[in-house]
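Protein chains: 2
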Amino acid sequence: MMKKTHSLITGLCAVAVAAGACVLFPTLAMSDNDDQALITKANALFKPLPDSAALENTPLTPLRVSLGKALFFETRVSSDGRLGCATCHNPAYYGADSLALTVGVHGKQLPRNAHTVFNTPLLIAQHYGGNRASVEEQAYKAVISPLAYGNSTNEQVETKLSQLGYLPLFKAAYPDDAKPVSIENWSKAIGAYERTLLTPAPFDKFLKGDAQALSKTAKLGLDTFINTGCAGCHNGVTVGGQSYQKFGITQDYWLVTGSTPKDAFKGYDKGRFHDTKNEADAFMFKVPQLRNVAVTPPYFHDGSVATLPQAVRVMAQLQLGKQLSDEDVSHIVSFLESLTGEIPADFAKVPALPVAAH
Amino acid sequence: MMKKTHSLITGLCAVAVAAGACVLFPTLAMSDNDDQALITKANALFKPLPDSAALENTPLTPLRVSLGKALFFETRVSSDGRLGCATCHNPAYYGADSLALTVGVHGKQLPRNAHTVFNTPLLIAQHYGGNRASVEEQAYKAVISPLAYGNSTNEQVETKLSQLGYLPLFKAAYPDDAKPVSIENWSKAIGAYERTLLTPAPFDKFLKGDAQALSKTAKLGLDTFINTGCAGCHNGVTVGGQSYQKFGITQDYWLVTGSTPKDAFKGYDKGRFHDTKNEADAFMFKVPQLRNVAVTPPYFHDGSVATLPQAVRVMAQLQLGKQLSDEDVSHIVSFLESLTGEIPADFAKVPALPVAAH
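Quick note, the sequences are listed as chains H and S, same order.
Going by this note's numbering, 232 is the number at position 232 of the first sequence; the sequence numbering is gapless.
Going by this note's numbering, 460 is the number at position 102 of the second sequence; the sequence numbering is gapless.
Pasting the structure below:
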């Protein structure tokens with residue numbers, strides 16, 4: 001519950017006190033104080049979204065961004081002709097795919113859930129295992145991954161892109177390159193596009209001082225979120241996504257989530273261990289960002305939990321050893337809903353892709 | 359080649375003739391006459407797109423159209439959670455899917471090519487075999503098809519739609535129905551949406567009298583298209599799509615297209631025969647519409663031909679016993695490009711779909 005802070009009084013109340021009348025509007029005065037205190041408390045843990053997620057010295061030129069957007073929706077580069085970035089990062093589902101476990105080429109189920117693409121350039125790394133340093137590296141490795149796009153060499157991808165008629169678009173976006181159609185430029189262009197996909201939310205307005213941007217229950221939820229300890233991991237500009245943590249501190253996660261062993265991991269998913277082979281990384285996962293969490297179910301690295309209230313309960317129990325009341329859960333969910341952002345105006349507009357030359 | 363028509367002269371030339379000067383601009387005069395003659399000739403075979411493809415007495419209300427649009431992009435109703443109307447009718451590929459053979463749930467390849475969705479309410483029927491009478495019937499049968507959406511009963515679909523949070527949208531669109539969430543309303547709403555998807559093209563302007571709407575080569579191509587006999591089948595408002603014809607009149611089609619036998623047909627695709635079991639229907643297919651043909655490769659019922667010039671050559675040979683010159687092919691392709699229409703403004707904008715209630 002929100003801690004009631006009475007130590008500061010508003011100017012209005014100060015005048016009222018002087019007139020002996022402050023008792024007439026104590027709720028208003030308390031609420032304003034609480035709001036200010038909560039804004040201050042929140043700013044110690046979180047940051048509003050920046051205006052841009054561009055790399056230093058790498059301007060997001062319109063030609064690069066629009067090429068990146070075309071490539072984001074392009075499926076003909078995959079080995080079954082059906083998979084593109086937008087397949088797992090679908091505008092219909094807030095940049096995720098609504099599935100528990102995402103799917104690669106030829107309909108093959110992969111062992112983890114797909115994150116939303118929004119705000120990902122601001123994360124510590126990409127994927128639940130953090131095995132991609134940047135959105136650019138993710139785009140690069142996905143297109144030559146046998147599991148994701150089903151290609152295995154750079155040349156395969158570059159030949160397809162040329163045949164599809166992309167040369168003029170690459171040339172325009174990277175005019176100084178001797179070889180414009182390259183996987184390097186594929187990854188840079190998609191990265192440029194993804195760096196435009198930020199989703200400012202009511203919570204950002206609140207952090208910047210607009211106390212009315214959050215409902216009363218959302219504010220109670222934010223306070224509960226902080227006081228319960230959630231913000232120990234879910235902090236920073238993306239409310240998570242800035243560190244790695246063990247999933248299942250109080251007990252094995254699958255006892256609570258209903259997760260099942262996966263063939264790809266020869267058992268339960270041990271997170272970063274599968275990449276590093278270091279026992280210290282067992283069950284360490286990137287803490288997911290919580291921006292847009294309310295609109296991107298299902299939850300966790302394997303999508304094993306379907307609803308947000310249940311995900312909140314599971315996290316409190318597994319990570320903090322706490323049983324939340326229904327009221328606390330409901331308030332926290334209300335706060336998390338204030339992280340649902342405005343989708344970039346152009347994101348949902350699918351571009352008409354080049355038709356291969358006759 | 360375009361027939362030169364000299365019988366009519368323009369007012370300008372009449373004045374010039376009176377002054378004995380018509381020889382100074384014979385090309386202009388001939389061209390104007392030719393254009394008018396070609397417009398007249400074309401209007402005897404083709405019709406411009408109507409303003410609306412609404413069913414009689416069934417208004418396309420905004421609530422029905424927007425529900426239909428959401429359902430068009432909805433994938434969670436399919437048994438693998440990945441297939442919706444927009445999977446095969448993708449805005450990125452002008453309402454088709456760019457594949458030779460389209461794909462159903464669980465990545466299973468189907469035996470025929472997916473048509474573009476544009477202008478389909480105006481066709482004689484749906485599918486290459488014409489086994490769906492209307493866009494509404496197509497939407498109805500697809501969602502309970504084990505091959506397409508992977509469902510088998512109406513109840514399965516209706517339960518999923520309710521769980522996904524669609525009840526308020528159905529109620530708003532069909533307020534008088536005792537049971538708003540029904541497959542009947544699924545099919546009506548998607549039909550309402552698809553009935554808005556018309557793509558007026560330069561050729562429509564030409565038919566309405568604007569001779570400049572088509573380039574000179576497109577006009578030569580239109581004349582060649584008619585004189586060669588293509589318009590014998592590819593006529594009407596959708597330049598095809600109004601009748602059934604045997605594919606492969608001069609010889610078996612697979613000898614020219616490179617088509618292969620399909621398991622689903624226990625051999626080569628015999629078109630409507632597979633539905634009717636009537637030998638008279640062997641190799642009878644719905645004549646495809648040619649609107650947007652230049653931007654929806656690959657071609658034919660099995661996508662066996664990759665490029666438009668080759669498709670034009672194959673058709674002339676197989677259906678009309680003619681070998682077209684490269685020049686004729688190039689002109690016809692130029693005419694076909696004038697059938698590429700304006701995409702409805704809102705079509706490519708993917709709606710954010712309901713998030714299942716907590």
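No residue lacks a Cβ here, since even glycine has one placed at the ideal position from N, Cα and C.
Alpha carbons only, please: which of H/D302, H/G129, H/T260 is nearest the one belonging to H/K277? Taking the first residue of the first sequence as 1, we reach residue 277 of chain H at position 277. The residue among H/D302, H/G129, H/T260 with its C-alpha nearest the C-alpha of H/K277 is H/G129.
Quick one: any contact between the stretch 662-670 of chain S and the stretch 401-420 of chain S, if contact means 3 or more CB pairs under 8 Å? The stretch 401-420 of chain S and the stretch 662-670 of chain S do not touch, with fewer than three beta-carbon pairs separated by less than 8 Å.
Taking S/I701 as the query, report the chain H residues whose CB atoms sit under 9 Å from its CB, ordered along the chain. Taking the second sequence and counting its residues from 1, the one referred to as residue 701 of chain S is at position 343. Here the neighbours are A352.
Alpha carbon to alpha carbon, how far is S/H632 from H/I183? In the second sequence, the residue the question calls residue 632 of chain S occupies position 274. In the first sequence, the residue the question calls residue 183 of chain H occupies position 183. Spanning the two alpha carbons is a distance of roughly 45 Å.
Which residues bound the alpha helix (DSSP H) around S/K518? Stepping through the second sequence from its first residue, residue 518 of chain S is reached at position 160. Residues 512-521.
For S/V435, the three-state DSSP class (helix, strand or coil): Mapped onto the second sequence, residue 435 of chain S falls at position 77. Of the three classes helix, strand and coil, the one that applies to S/V435 here is coil, per DSSP.
Alpha-carbon to alpha-carbon, H/T257 and S/F753: With chain S covering only 359 through 716, there is no way to say anything about residue 753 of chain S.
Based on DSSP bridge pairs, tell me the residues matched to S/Y657. Indexing the second sequence from 1 puts residue 657 of chain S at position 299. BP columns for S/Y657 point to S/V663.
Within its chain, find whatever has a CB closer than 7 Å to the CB of H/Q163; leave out the 5 residues flanking it on each side and keep chain order. Taking the first residue of the first sequence as 1, we reach residue 163 of chain H at position 163. The residues are A356.
Kindly say whether H/K216, judged by its beta-carbon, lies nearer than 8 Å to any beta-carbon of chain S. For this step, residue 216 of chain H is matched to residue 216 along the first sequence. Not closer than 8 Å to any Cβ of chain S, the Cβ of H/K216 fails to qualify, so no.
Does the beta carbon of S/L386 come closer than 8 Å to any beta carbon on chain H? Position 28 of the second sequence, counted from the start, is the residue given in the question as residue 386 of chain S. With a pLDDT of only 42 at S/L386, under 50, the local geometry of the prediction cannot be trusted, and no value is derived from it.
Can you give the beta carbon distance from H/E136 to H/S187, rounded, assuming they're within the 8 Å contact cut? Here residue 136 of chain H refers to the residue found at position 136 when the first sequence is read from its first residue. Here residue 187 of chain H refers to the residue found at position 187 when the first sequence is read from its first residue. Taking C-beta atoms under 8 Å as the contact rule, H/E136 and H/S187 qualify, at a distance of about 5 Å.
Using 10 angstroms around the beta-carbon of S/P420, count the other beta-carbons present and answer buried if the total reaches 16, otherwise exposed. Reading the second sequence from its first residue, position 62 is the one you call residue 420 of chain S. Under this definition S/P420 is an exposed residue.
Round the Cβ separation of S/P479 and S/A411 to the nearest angstrom and send it over; I've been treating them as touching at under 8 Å. Position 121 of the second sequence, counted from the start, is the residue given in the question as residue 479 of chain S. Position 53 of the second sequence, counted from the start, is the residue given in the question as residue 411 of chain S. Indeed, because the Cβ distance is near 4 Å, the residues count as touching under 8 Å.
Of the residues that make up the stretch 91-106 of chain H, which ones have a beta carbon closer than 7 Å to any beta carbon in chain S? Listed in sequence order: P91, A92, Y93, Y94, S98, L99, V103, H106.
Flag this pair as touching only if the stretch 64-84 of chain H and the stretch 201-218 of chain H have three or more C-beta atom pairs under 8 Å; answer yes or no. The way I'd put it, the stretch 64-84 of chain H doesn't touch the stretch 201-218 of chain H; fewer than three beta-carbon pairs between them come closer than 8 Å.
Just to confirm, is the Cβ distance from H/T75 to H/G95 under 8 Å? In the first sequence, residue 75 of chain H corresponds to position 75, counting from 1. In the first sequence, residue 95 of chain H corresponds to position 95, counting from 1. H/T75 is not a Cβ neighbour of H/G95, given a cutoff of 8 Å.
Would you kindly check if the distance between the Cβ of S/F430 and the Cβ of S/Y551 is under 8 Å? Position 193 of the second sequence holds residue 551 of chain S. Position 72 of the second sequence holds residue 430 of chain S. Contact: yes.
Limits of the beta strand (DSSP E) - the one that H/F285 falls within: The residue given as residue 285 of chain H occupies position 285 in the first sequence. Counting along the chain, the unbroken beta strand (DSSP E) around H/F285 starts and ends at 284-286.
What three-state label does DSSP hand S/F705 in the structure shown? Mapped onto the second sequence, residue 705 of chain S falls at position 347. DSSP places S/F705 in coil when its eight states are reduced to three.
Selection from S/P449, S/N489, S/D392 that minimises the alpha carbon distance to S/K707: Translated into positions along the second sequence, residue 707 of chain S becomes position 349. Out of S/P449, S/N489, S/D392, the CA that lies nearest to the CA of S/K707 is found in S/P449.
Segment limits, beta strand (DSSP E) that includes S/Q600: For the purposes of this step, residue 600 of chain S is identified with residue 242 of the second sequence, where counting begins at 1. It is not in any beta strand (DSSP E) - S/Q600 carries neither H nor E in the DSSP assignment.
Using only alpha-carbon positions, find the residue among H/R195, H/D223, H/V239 that is nearest to H/K47. Start at 1 with the first residue of the first sequence, and residue 47 of chain H comes out as number 47. Looking at H/R195, H/D223, H/V239, the one whose alpha-carbon comes closest to that of H/K47 is H/V239.
Can you find a C-beta in chain S that's less than 8 Å from the C-beta of H/P297? Sequence index remark: in the first sequence, residue 297 of chain H carries index 297 (1-based). Output row for H/P297: interface = yes.
In chain order, what residues of the stretch 303-329 of chain H put their CB closer than 8 Å to some CB of chain S? A306, T307, L308, P309: these are the residues of the stretch 303-329 of chain H whose beta carbon lies less than 8 Å from some beta carbon of chain S, given in chain order.
Where S/K574 falls, given that 16 or more other Cβ within 10 Å makes a residue buried: Translated into the one-based positions of the second sequence, residue 574 of chain S becomes position 216. When all chains shown are included, S/K574 counts as exposed.
Could you list which residues in chain H have their beta carbon closer than 7 Å to that of S/F431, in chain order? For this step, residue 431 of chain S is matched to residue 73 along the second sequence. By Cβ distance, chain H contributes A92.
Check whether the Cβ of S/G616 lies closer than 8 Å to any Cβ atom in chain H. Within the second sequence, residue 616 of chain S is the residue found at index 258, counting from 1. Output row for S/G616: interface = no.
Alpha helix (DSSP H) containing S/Q467: first to last residue? Here residue 467 of chain S refers to the residue found at position 109 of the second sequence. From DSSP, S/Q467 is part of no alpha helix (DSSP H); its letter is neither H nor E.
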